[in-house]
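Note that this note's numbering has the sequence shown beginning at 21, numbered continuously upward. Don't be surprised by glycine CBs; every beta carbon is placed ideally from N, CA and C.
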Amino acid sequence: MKLRLDRYLTEMGLGTRSEVKRTVGKGLVQINGIIIKRPEHKVDTESDKVLYQGNPVAYAKYEYYMLNKPGGIISATEDLKETTVIDLIKGRQRQDLFPVGRLDKDTEGLLLITNDGKLAHRLLSPKKHVDKTYYAEIDGEVTEEDVKAFAEGIDIGDEKMTLPAELVILQSGCGSEVELTIREGRFHQIKRMFHARGKEVAYLKRLRMGSLVLDEKLKTGEYRELTKKEIEELC
Ligand code: URA
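Structure (structure tokens):
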């Protein structure tokens, strides 16, 4: 693919269009060992070797990150007051990253962050019913009746009942631990499902989305790039 030099550098997060133009004009950018001062110069993203102020700049069309989202962070791209999940991806090159779907501010766990809109659409499309598995701690005793009710679908006050969900009780008492797999992504869905059963979610963490499983080695707040295999499986 061929791209204007200023666009190439902007997309790789090296500054605004006017900032990178200035740097190019000062002769601080080389392509294949030659100083290029024209921002409109066309870069071959596959074969050209670009140096920006002496540092190599590899072109990445798409970036894919797995974040173990901490609580207290919002699933948005930017916000004037709050830290967003994108702010946590310090090593990113692309400036057009976004979270694939939303987790509530207090929810932790797996969040895919990318600039691949087609993949995001496939994962989020209501028609595709991609499985999402969560670990949850519940105030109250989760019973086999809840398991049955979740399997049949729950009335959470929307036009339609929820689709059948698989609830697995890990531990039950006055506080319970469960794993829940849902195939939709309605607003506050899990909290509303338990609320409809007279119980409240005390802690929620996403463990899996489709084929993508949260890497146990990632501490909360940490992230890593997806492997080639993970990307292929998702696609
Ligand atoms: N369901 C919820 O209630 N909250 C989330 O963050 C995700 C699913």
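- Unbroken beta strand (DSSP E) runs of no fewer than 3 residues, entirely contained in the region 56–94, are found at 62–64, 70–72 and 84–89, following chain order.
- If you look at GLY129, you'll find it in the beta strand (DSSP E) that goes 128–134.
- Listed as beta-bridge partners of THR153 by DSSP are THR201 and ARG228.
- Around the ligand URA, the residues whose beta-carbon falls short of 6 Å from at least one of its heavy atoms are LEU123, ASP124, THR127, HIS208, GLN209, ILE210, LYS211 and LEU224, given in chain order.
- In the DSSP assignment, GLU245 falls within the beta strand (DSSP E) that extends over 243–245.
- Per DSSP, reduced to three states, the secondary structure at SER196 is strand.
- For PRO184, same chain residues with a beta-carbon under 6 Å away, outside a window of 5 residues either side, are ALA171 and GLY173 in chain order.
- The Cβ atoms of ILE106 and THR97 sit closer than 8 Å to each other.
- The residue from ASP124, TYR155, TYR72 and ASP175 with its alpha-carbon nearest to that of GLY92 is ASP124.
- Where VAL188 is concerned, the enclosing beta strand (DSSP E) starts and stops at 186–191.
- ILE158 counts as buried, since no fewer than 16 other beta carbons sit within 10 angstroms of its beta carbon.
- Contact annotation, LEU130 with LEU232: C-beta distance approximately 7 Å; criterion of less than 8 Å satisfied.
- Here LYS152 is buried, its C-beta having at least 16 other C-beta atoms within 10 Å.
- Within the same chain, Cβ atoms closer than 6 Å to the Cβ of PRO59 are found at LEU25, ASP26, LYS41 and VAL44, the five residues on either side in sequence being excluded.
- Classified as exposed, ASN52 has fewer than 16 neighbouring CB atoms from the shown chains inside 10 Å of its CB.
- Three or more beta-carbon pairs drawn from the region 74–87 and the region 232–252 are found closer than 8 Å, and the two stretches are therefore classed as touching.
- If the five residues before and after ARG203 are omitted, its C-beta is found closer than 6 Å to the C-beta atoms of HIS149, ASP151 and LEU183, all from its own chain and listed in chain order.
- GLN191 and GLU197 have their C-alpha atoms roughly 5 Å apart.
- In this structure ILE55 is exposed. Its beta-carbon is surrounded by fewer than 16 other beta-carbon atoms within 10 angstroms.
- Nearest in C-alpha terms to LEU187, of all of GLU164, GLN209, PHE207 and GLU253, is GLU164.
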